Each structure stands twice: as C-alpha cells, then as structure tokens.
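Asks: In terms of the UniProt record's numbering, the sequence shown opens at residue 1 and continues consecutively. Note that CB positions come from ideal geometry on N, CA and C, so glycine has one too. Computed from a predicted model, the values in this text were never measured in an experiment. Shown below is the structure under consideration.
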Amino acid sequence: MPIVTYILRDGDRREIDVPAGTSVMEAAIHNNVRGIDAECGGCLSCATCHVYVDASSTAEIPSADDSELELLDGVAAERRPESRLSCQLVVMPAMHGLVVQIPPKQG
Ligand code: FES
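What follows is the structure in structure tokens.
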C-alpha cells in the first residue's frame with residue numbers, strides 16, 4: 001500500500017499505509033492522526049482538513065480543482081502554494097511517498 005507521512009504540529013512523524021482509494025483525510029481520522037478536524041466529513045464544505053504538501057514529498061498528486069481552490073480561501077491557517085484539502089487527496093499507488101504537514105490550526 002502507498003505510504004503517506006504526516007508531520008504533526010509537534011514535529012513528530014506518522015507513517016501510515018493507506019489503502020488505495022482512501023483519502024489522506026480519512027486515513028488520518030482512522031489512524032488517530034491529530035490536527036485534521038474534517039468537520040464536514042469530506043463533503044468539500046468546511047476547509048478543516050487543510051494540509052501542506054511537504055517539500056520532501058516524492059508523490060505525484062493531481063492538481064486541485066476549482067472547488068478545492070475556492071474553499072482553500074477559507075482555511076484558518078496561512079494559505080500557501082502547497083496548501084491542499086486532504087479530503088480531496090485520494091491516495092493512489094503513484095502517491096506513495098506523499099508527505100503532508102498539519103497546519104497550526106484548522107478553525
Ligand atoms: S473534510 Fe471538509 S472540506 Fe475536507
């Protein structure tokens with residue numbers, strides 16, 4: 001399975017085997033990764049699943065669509081070029097090596 005690494009707010013790292021077809025948000029929730037609130041459950045309406053794709057990431061990830069880009073305007077932490085909504089990052093084999101950072105706040 002693809003491995004996704006989460007960098008937590010305290011700098012700890014969690015490496016998780018994520019089944020293909022599972023979003024980065026869902027994998028975080030299922031594995032008790034702290035800092036991704038996902039209040040809307042992945043319906044693309046809350047922006048509390050914000051992550052930063054880390055510069056060390058080796059994964060190929062699809063670009064954000066217009067709906068995700070629009071909702072990223074509402075994130076609580078600083079929006080950066082590497083900002084993504086983790087509910088929209090559905091893990092596929094090519095995403096092995098994805099590294100995401102949890103932002104300092106979600107809401
Ligand atoms: S979980 Fe709500 S926008 Fe991602």
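1. Figure out for me which residue from Leu69, Arg13, Met95 and Ala27 has the closest Cα to the Cα of Ser45.
2. When you compare only the Cα positions, how much space is there between Val75 and Val51?
3. So, for Asp17: in the same chain, excluding its five sequence neighbours on each side, which residues have a beta-carbon less than 7 Å away from its beta-carbon?
4. Per the DSSP calculation, Gln88 is bridged to which residue(s)?
5. Looking only at DSSP bridge pairs, what is Leu98 linked to?
6. Does the beta carbon of Met92 fall short of 7 Å from some heavy atom of the ligand FES?
7. Kindly give me the distance between the Cβ atoms of Met25 and Glu60, rounded to whole angstroms, as I take these residues to be in contact under 8 Å.
8. In three-state DSSP terms, what is Val24?
Replies: Judging by the given coordinates:
1. As a first step, residue 45 is located in the sequence shown; it is residue number 45 there, counting from the start. Taking only the C-alpha atoms, the option nearest Ser45 is Leu69.
2. As a first step, residue 75 must be located in the sequence shown, where it is residue number 75. As a first step, residue 51 must be located in the sequence shown, where it is residue number 51. When rounded, the distance between both Cα atoms is 10 Å.
3. One-based indexing of the sequence shown puts residue 17 at position 17. Result list for Asp17: Met1 and Ile3, in chain order.
4. Here residue 88 corresponds to residue number 88 of the sequence shown, with the count starting at 1. Bridge partners of Gln88: none, in fact.
5. Within the sequence shown, numbered from 1, the residue matching residue 98 stands at position 98. For Leu98, which the question treats as bridged, DSSP gives the partners Val4.
6. As a working mapping, residue 92 is identified with position 92 in the sequence shown. Between the ligand FES and Met92, a heavy atom-to-CB distance of less than 7 Å is absent.
7. One-based indexing of the sequence shown puts residue 25 at position 25. One-based indexing of the sequence shown puts residue 60 at position 60. Incorrect: roughly 19 Å between the Cβ atoms, too far for contact.
8. One-based indexing of the sequence shown puts residue 24 at position 24. Here Val24 sits in helix by DSSP.
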